[in-house]
Amino acid sequence: MKSLSKAIFEQKNIAIRGKPNAGVKYYPLLAMLYTTLLILSVLLDYKFIKIDQMLASAATFVISSTFFLNDIIAEIYGYQRARYVIWSSLLCLMLFSIVGFILNNIKTPEEYLQYGKAYNTVLQLLFRAGLSNAIAIVLGSFINVYIVSKWKIILRGRYFWLRSLCASIVGEVIYTTFVVTLLNIGIVNFYQLMQILFVSLSFKLLFDVIAIVPANIFANFLKRKEQIDIYDYGLSLNPFKFNINSELISENEFNNSRDMV
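Printed below as a string of structure tokens:
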């Protein structure tokens with residue numbers, strides 16, 4: 603048992619609690635949903651709307667949910683799989699942005715010029731939107747899942763709602779500050795930029811407070827369904843590592859080894 607204790611708390615890349623043969627049935631669905639929302643938000647970045655005479659981006663109402671999805675994935679499936687989802691989604695996002703930007707710049711036949719102009723209106727800034735989001739996500743989303751994973755160890759898996767709420771707020775403030783600036787500098791004036799930033803942050807903070815209850819219920823539901831609960835003890839939380847260690851130990855072994863440390 604002492605060797606098991608060392609394996610959990612000292613050996614690198616092994617830090618998992620779960621039920622033997624536990625599955626990841628819903629993990630691919632969550633990953634696809636995360637990627638879909640991320641790409642949708644990029645398409646809506648330059649869809650400007652007004653809320654009580656204040657300028658805002660329609661993407662604001664989509665991107666907030668991705669942070670809670672990140673939290674749920676990190677909470678149930680571990681930091682490694684959350685990290686993998688982020689990098690995989692960024693790869694899909696950049697592929698979408700680059701290919702869309704290139705194809706949009708191919709000359710449109712004269713008889714279809716009206717459609718070409720419509721596409722150009724939507725896609726002319728697609729690469730900028732994709733790159734801006736990628737930079738902001740690397741800065742904001744990894745901090746988000748890092749806080750959830752680290753605090754899970756400190757609080758012994760309790761208070762997911764508090765960990766998720768705090769992590770989402772920190773991550774979204776960082777993400778929003780960078781993405782709004784990178785997207786809109788040179789396109790809108792400083793006053794309008796501040797309006798977009800204010801509306802985005804205000805909505806996201808309000809959304810975080812409201813959405814934490816259903817997010818907490820959903821996370822508990824998935825834990826019961828998947829029969830897995832991963833703790834990232836001794837695991838490198840370096841965002842630039844891409845491996846996924848799938849080794850599991852039983853919950854009883856985990857509890858016994860933890861008591862011996």
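All the letters of the sequence shown, read from the start, carry residue numbers 603 to 863 under the numbering used here. C-beta: ideal position from N, C-alpha, C; glycine also.
**Prompt:** Between V687 and Y628, is the Cβ-Cβ spacing less than 9 Å?
**Reply:** no
* **Closest residue to I832 among F669, E677, A633 (Cα-Cα distance)** => E677
Identify every residue that forms a DSSP beta bridge with F650. S659
Buried versus exposed call for A720 [16 or more other C-beta atoms within 10 Å across all chains shown]:
exposed
* For I737, the three-state DSSP class (helix, strand or coil) -> helix
- Item | Which of helix, strand or coil DSSP assigns to I787 | strand
Practice prompt. Answer with buried or exposed for N791, where buried requires no fewer than 16 other C-beta atoms within 10 angstroms of its C-beta.
Written response: exposed
By the 10 Å Cβ neighbour count, where 16 or more other Cβ atoms means buried, how is F762 classified, buried or exposed? buried
Practice problem: Give the single residue among L639, D834, L839, N672 whose Cα lies nearest to the Cα of N746. | Solution: N672
- Task: Reducing DSSP to helix, strand and coil, say where I708 ends up.
- Result: coil
* **Rounded distance between the beta-carbons of I674 and R683, thought under 8 Å** => That pair is no contact at about 11 Å.
Query raised in the report: Taking all protein chains shown into account, do 16 or more other C-beta atoms lie within 10 angstroms of the C-beta of Q797, making it buried, or fewer, making it exposed?
Result: buried
Start and end residues, alpha helix (DSSP H) containing P816: 792-828
Classification of K806 by the beta-carbon crowding that lies within 10 angstroms, buried from 16 upward:
buried
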